[in-house]
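Residue 90 in the UniProt record's numbering sits at position 90 of the sequence shown; the count goes up by one each step and never skips.
For every residue, glycine included, the Cβ atom is placed at its ideal position computed from N, Cα and C.
Notes for the one structure printed next.
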Amino acid sequence: MKLLLLSLLSMALVACSSSVGNDTLRVQDPSSVSKMLVKNKTTKQSVVEQFGAPSMKAANELGQELWGYRSAESTWGKNSKTLIIAFNKSDKVESFTYVEG
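Here it is in structure tokens:
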């Protein structure tokens, strides 16, 4: 019984400290993201090479394609990072929003 409780407790602790989301984004900061994403220069292909496939795709009211990436240190969202990239009609970065929280 004690062994079972210890096993369950250790699994719970591992789950609490696990990382979820995009591994590349996890190690970035605002400065490094700004260097990686240059308006009207960085292409979709380059973004995929740097960050991998997006976890979210959508379009905004301007017709721009939006890609989203997210990273967190736990399933509860502690130390989360979110990156939303808007692409223009030429499939190049138009703008991006990076938020840590």
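- Three or more pairs of CB atoms, one per stretch, sit closer than 8 Å, so the segment 51 to 64 contacts the segment 20 to 35.
- With a threshold of 16 other beta carbon atoms within 10 Å, Ala58 falls short and is exposed.
- The straight-line gap separating the alpha-carbon atoms of Val38 and Asn79 is approximately 25 Å.
- Taking the CA atoms as reference points, Gly101 sits about 6 Å from Lys81.
- Nearest Cα to Asn60 within the set Lys41, Ile85 and Thr42: Ile85.
- Leu66 counts as buried, since at least 16 other C-beta atoms from the protein chains shown sit within 10 angstroms of its C-beta.
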